[in-house]
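Down below is the structure, laid out as structure tokens.
2 protein chains.
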Amino acid sequence: MPVLAKSRRSGSRGEPEKTRAAILSAALEEFAQEGDSGARTDEIARRAGVNKALIYYYFKDKEGLYAAALEQVFSGLHERVMSILNRTDMAPREKLLLYVQTHFDYIASQPVYPRLVQREFMRNAGRTLSPVANRILEHYGKPLYQKLEELVRDGIRSGAFRKVDPVQSITSILGTIIFYFITIPAQQIMRTGDPTSPERIAERRAAVLDFVSSALFATDDAVNQKGKS
Amino acid sequence: MPVLAKSRRSGSRGEPEKTRAAILSAALEEFAQEGDSGARTDEIARRAGVNKALIYYYFKDKEGLYAAALEQVFSGLHERVMSILNRTDMAPREKLLLYVQTHFDYIASQPVYPRLVQREFMRNAGRTLSPVANRILEHYGKPLYQKLEELVRDGIRSGAFRKVDPVQSITSILGTIIFYFITIPAQQIMRTGDPTSPERIAERRAAVLDFVSSALFATDDAVNQKGKS
DNA sequence: GCGTGATAATTAAACGGACGGTTAATTCAA
DNA sequence: TTGAATTAACCGTCCGTTTAATTATCACGC
Chain A
18 MPVLAKSRRS
28 GSRGEPEKTR
38 AAILSAALEE
48 FAQEGDSGAR
58 TDEIARRAGV
68 NKALIYYYFK
78 DKEGLYAAAL
88 EQVFSGLHER
98 VMSILNRTDM
108 APREKLLLYV
118 QTHFDYIASQ
128 PVYPRLVQRE
138 FMRNAGRTLS
148 PVANRILEHY
158 GKPLYQKLEE
168 LVRDGIRSGA
178 FRKVDPVQSI
188 TSILGTIIFY
198 FITIPAQQIM
208 RTGDPTSPER
218 IAERRAAVLD
228 FVSSALFATD
238 DAVNQKGKS
Chain B
18 MPVLAKSRRS
28 GSRGEPEKTR
38 AAILSAALEE
48 FAQEGDSGAR
58 TDEIARRAGV
68 NKALIYYYFK
78 DKEGLYAAAL
88 EQVFSGLHER
98 VMSILNRTDM
108 APREKLLLYV
118 QTHFDYIASQ
128 PVYPRLVQRE
138 FMRNAGRTLS
148 PVANRILEHY
158 GKPLYQKLEE
168 LVRDGIRSGA
178 FRKVDPVQSI
188 TSILGTIIFY
198 FITIPAQQIM
208 RTGDPTSPER
218 IAERRAAVLD
228 FVSSALFATD
238 DAVNQKGKS
């Protein structure tokens with residue numbers, strides 16, 4: 018990490034931004050592992066190697082820290098994925114496959130992400146999500162779903178995709194991509210070996226692409242002429 | 018929902034089993050909603066309409082209650098699903114579709130189930146699951162995966178299924194079935210309307226069957242469905 | 001260059017409420 | 001009378017949050 022010559026702004030010892038980042042990183046792990054309420058501020062501070070009070074110095078309170086953690090993972094995904102979905106130079110099939118790969122790879126590169134996210138989206142107090150999750154979904158989730166829906170419609174219109182319900186198929190695709198990662202702890206029992214090893218991840222990646230392709234793509238133009246039951 | 022069966026005077030012999038069941042039921046909701054550590058024993062007692070001490074009277078401690086809750090949902094699924102997977106009078110395609118329907122319907126009938134389960138399987142303290150989840154998976158998860166794997170192999174061997182990796186495709190299928198339910202809170206924001214309404218559930222059910230069928234079944238011109246194997 | 005405040009970064013310690021769990025007393029069917 | 005079922009009240013601890021003190025760095029006048 019290059020020491021920024023100029024950004025030695027002010028303060029006392031250490032680098033404030035580095036400290037902040039350390040806290041955030043520790044929080045990501047702890048939140049993903051234990052969940053919102055299960056995460057302990059003491060443990061986060063310990064992991065980050067800083068005093069607990071710094072959490073409240075940099076992020077107002079536990080919820081503020083939580084929001085920052087969610088924001089970080091989501092903005093990263095959003096950036097990568099949307100740049101693909103906004104492209105206009107690709108046919109639906111290639112575009113969808115590239116999207117799936119990108120989404121998959123992002124999750125695989127941030128093993129902490131899926132559990133963090135999934136946890137949050139399962140937690141509906143009564144009937145509504147937490148304000149934090151709500152904001153995240155409005156900001157990142159909706160545009161993603163919208164673009165994906167558009168893509169699927171394009172694919173269907175052009176005959177590249179089967180005539181599926183766009184929204185439903187998106188849910189299925191997301192499930193196929195994400196499910197493996199959120200069940201990794203369970204898979205350590207169900208199967209032998211390490212589900213997070215590069216080989217296993219590669220194996221899963223290929224399987225996801227195959228599964229989605231087969232589920233969504235029309236089986237060659239000629240074949241889909243025959244009526245379906 | 019709070020069935021205050023005040024019929025019996027509460028004092029000593031109300032109905033013990035009814036009380037126990039009330040606690041368990043309340044626990045299921047609370048655990049599913051708030052998670053293991055998020056759930057509050059006071060709240061569970063309140064929902065069940067009983068004194069908090071009864072939780073410790075019937076179930077040793079919070080973890081005992083949690084284990085009982087997991088046990089209940091899993092045994093119910095196990096019972097329904099295994100009876101299908103053990104049948105020998107069905108061709109792979111029908112068997113798999115029936116399995117998917119049954120699994121789906123069970124979840125749909127117990128909206129509390131998927132979040133409860135998913136929560137648990139995401140929580141790996143360090144490197145291993147909780148002892149409770151471990152036991153559940155050994156007892157219910159492994160046999161299920163095993164039977165499903167067998168089924169997929171049969172399907173491939175008979176030519177009814179594409180030549181997929183059995184284990185990977187099972188993960189994909191499970192993801193397709195379950196993902197909708199564990200993201201219901203999020204879907205209340207992403208789409209309009211109630212994702213838990215019968216119409217929506219039916220719509221999702223059809224989509225799952227379609228998605229899985231298309232992903233897994235061989236699209237051979239030759240419909241070599243020979244009925245029994 | 002050199003004290004000298006000012007301020008940002010960091011810490012130790014403690015507070016107060018929440019929450020899991022306990023206990024001793026009470027009720028009521030058999 | 002016995003004992004299972006139930007309750008109110010309590011306890012100790014964990015944990016999020018606050019506060020006050022401390023350390024280091026910078027700005028600046030001298």
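Protein sequences, first through last, are from chains A and B.
Per the numbering used here, the very first residue in the first sequence carries number 18; after that it's consecutive.
Per the numbering used here, the very first residue in the second sequence carries number 18; after that it's consecutive.
Note that beta-carbon positions come from the ideal geometry of N, C-alpha and C, so glycine has one too.
- Taking a cut-off of 8 Å for Cβ pairs, the stretch 146 to 157 of chain B and the stretch 212 to 222 of chain B do not touch, as fewer than three such pairs fall below it.
- Using a CB distance cut-off of 7 Å, residue 202/A counts as an interface residue toward chain B.
- Between residue 193/A and residue 169/A, the C-beta gap is not smaller than 7 Å, which leaves the two residues out of contact.
- The C-beta separation of residue 178/A from residue 109/A comes to about 6 Å, placing the pair in contact by the 8 Å criterion.
- Legend: CB atoms of the stretch 93 to 108 of chain A lying less than 8 Å from CB atoms of chain B are not found in any residue.
- Inclusion of residue 61/A and residue 86/A in the CB contact set at 7 Å is not warranted, their separation being larger than that value.
- Cα atoms of residue 160/B and residue 210/B: separation of roughly 38 Å, rounded to the nearest angstrom.
- The Cβ of residue 185/A sits closer than 7 Å to at least one Cβ of chain B.
- Ranking 166/B, 176/B, 70/B by CA distance to the CA of residue 182/B puts 166/B first.
- Burial of residue 158/B is indicated by the presence of at least 16 other C-beta atoms within 10 angstroms of its C-beta.
- Within the stretch 150 to 203 of chain A, the complete alpha helix (DSSP H) segments at least 4 residues long are 159 to 174, 183 to 199, listed from N- to C-terminus.
- Under the Cβ distance rule, residue 42/A does not count among the residues neighbouring chain B, no pair being separated by less than 7 Å.
- Classified as buried, residue 52/B has 16 or more neighbouring CB atoms from the shown chains inside 10 Å of its CB.
- By the neighbour-count criterion, in which 16 or more other beta carbons inside 10 Å mark a residue as buried, residue 73/B falls on the exposed side.
- Judged by DSSP in its simplified three-state form, residue 234/A adopts strand.
- The beta carbons of residue 189/B and residue 228/A sit closer together than 7 Å.
- Spatial neighbours of residue 172/B in its own chain (CB-CB distance under 6 Å, excluding positions within 5 residues in sequence) are listed in chain order as 109, 178.
- Not flagged as an interface residue toward chain B: residue 218/A, since no C-beta distance is shorter than 7 Å.
- Closer than 8 Å at the C-beta level to chain B, one finds these residues of the stretch 150 to 184 of chain A: 150, 151, 154, 155, 158, 159, 162, 179, 181, 182, 184.
- If you draw a straight line from the Cα of residue 96/A to the Cα of residue 175/B, it comes to about 45 Å.
- Taking the C-beta atoms as reference points, residue 54/A is found nearer than 7 Å to residue 54/B.
- With its beta carbon less than 7 Å from one in chain A, residue 196/B belongs to the interface.
- Apart from sequence neighbours up to five positions away, the residues of its chain that approach residue 116/B with a beta-carbon distance below 7 Å are 98, 101, 102, ordered along the chain.
- Any Cβ of chain A closer than 7 Å to the Cβ of residue 132/B would place that residue at the interface, and such an atom is present.
- Residue 79/A: member of the alpha helix (DSSP H) spanning 79 to 102, first to last residue.
- Closer than 7 Å to the CB of residue 138/B there is at least one CB belonging to chain A.
- Annotation for residue 195/A: 131 place their beta carbon closer than 6 Å to its own, counting only its chain and skipping 5 residues before and after.
- Of the candidates 184/B, 232/B, 139/B, 38/B, 232/B places its Cα closest to the Cα of residue 186/A.
- Remark: C-beta atoms of residue 154/B and residue 40/A do not approach each other more closely than 7 Å.
- Interface with chain A (7 Å Cβ-Cβ cutoff): residue 235/B is excluded.
- In the DSSP assignment, residue 42/B falls within the unbroken alpha helix (DSSP H) covering 33 to 51.
- The alpha carbon of residue 120/B has as its nearest neighbour, out of 93/B, 136/B, 68/B, the alpha carbon of 93/B.
- A check of alpha carbon separations from residue 50/B across 128/B, 236/B, 184/B, 162/B identifies 128/B as the nearest.
- Judged by their CB atoms, residue 138/B and residue 202/A are nearer to each other than the 7 Å cut-off.
- Just so you know, the alpha carbons of residue 58/A and residue 79/A end up roughly 7 Å apart.
- For residue 193/B, a Cβ of chain A is located within less than 7 Å of the residue's own Cβ.
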